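Numbering (this note's numbering), first residue to last: 31 to 237. Heads up, the beta-carbon is just placed ideally off N, CA and C, and yes, glycines get one too. All values derive from a computational prediction rather than experimental measurement. Here the structure is laid out as structure tokens; the discussion comes afterwards.
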Amino acid sequence: MTTIRPYQSGDLDALYDIALKTGEAGADATALYADPRLVGHIYAAPYGMLEPQAAFVAEDDQGVAGYIVGAVDTRAFEARTEQDWWPTLRPQYVDPVGLSPDDWTPDQTRAYQIHHPHPAPRRVVAPYPSHLHINLLPRLQGQGIGKRLMDTWLDAVTDLGSTGAHLGVAATNDRGLRFYRTYGWTELDLGLPNLGSIYFGMALPRA
31 MTTIRPYQSG DLDALYDIAL KTGEAGADAT ALYADPRLVG HIYAAPYGML EPQAAFVAED
91 DQGVAGYIVG AVDTRAFEAR TEQDWWPTLR PQYVDPVGLS PDDWTPDQTR AYQIHHPHPA
151 PRRVVAPYPS HLHINLLPRL QGQGIGKRLM DTWLDAVTDL GSTGAHLGVA ATNDRGLRFY
211 RTYGWTELDL GLPNLGSIYF GMALPRA
């Protein structure tokens, strides 16, 4: 039996673990990184730490094996991470500026993101001000857990006043793309260069 429940502070290590084990377009990225916490520093931990009211986990008899995290107000969250999250990490990681990005290791690519976080596109945030990240370990996939997490999160941010949400997914993440399209997310045509990610949006409250 898998339970969906609100994030608790004791779940932080699980967020880091799941982020790494799904960090290569949904596949395990453990072999790619010298520092196993880098992916979680960017895509999981700051949400649990700074916006726990929009964070939920999926827990089975083996422990937490999935999560959905996000921010109700993307711009406010970006400002908060710039004030309270990235400054604590930047002294730990060398900014690879000055080296050719073509030569960066995966660790250096994530270190660059820590030093130079890229804001979400304005044309996405304006109609869809909230955003999310969702990941499941393989043992929970294909059981409807993702839908339960998504339902829970969208209901929660709607109750918190959100009028729309967005997400980005790697263009190579075929399983994720199928899930979002099947769930009912709308793929957004932004008229922007393809940077390897596809954006989806959803107006809230849902019918």
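So, does the stretch 96-107 touch the stretch 188-198, judging by three or more C-beta pairs under 8 Å? Touching, yes, given that three or more Cβ pairs across the two stretches are closer than 8 Å.
Between the stretch 35-47 and the stretch 78-94, do three or more beta carbon pairs fall short of 8 Å? Between the stretch 35-47 and the stretch 78-94, the count of C-beta pairs closer than 8 Å reaches three or more; the two stretches touch.
Best match in P82, V87, A64 for proximity to G176 [C-alpha to C-alpha]: Of the candidates P82, V87, A64, the one whose C-alpha sits nearest the C-alpha of G176 is V87.
Under a three-way DSSP split, which group does E81 fall into? E81: coil per DSSP, three-state reduction.
As a quick exercise: from P168, H146, G231, pick the residue whose alpha carbon is nearest that of L50. Considering only alpha carbons, the answer is P168.
As an exercise, report each continuous alpha helix (DSSP H) stretch of at least 4 residues that is fully enclosed by the stretch 103-173, in chain order. List check, alpha helix (DSSP H) in window: 104-114, 116-119, 136-145, 152-155.
Identify every residue that forms a DSSP beta bridge with T33. For T33, which the question treats as bridged, DSSP gives the partners E89.
For the candidate residues Q83, Y63, M31, whose alpha-carbon lies nearest to that of P136? Of the listed residues, the one whose Cα sits closest to P136 is Y63.
Tell me whether the stretch 114-124 and the stretch 137-156 touch, counting them as touching only if at least three CB pairs, one residue from each stretch, are closer than 8 Å. Yes, the stretch 114-124 is in contact with the stretch 137-156.
Give the single residue among L197, Y213, M31 whose Cα lies nearest to the Cα of V99. Comparing Cα positions, the closest option is L197.
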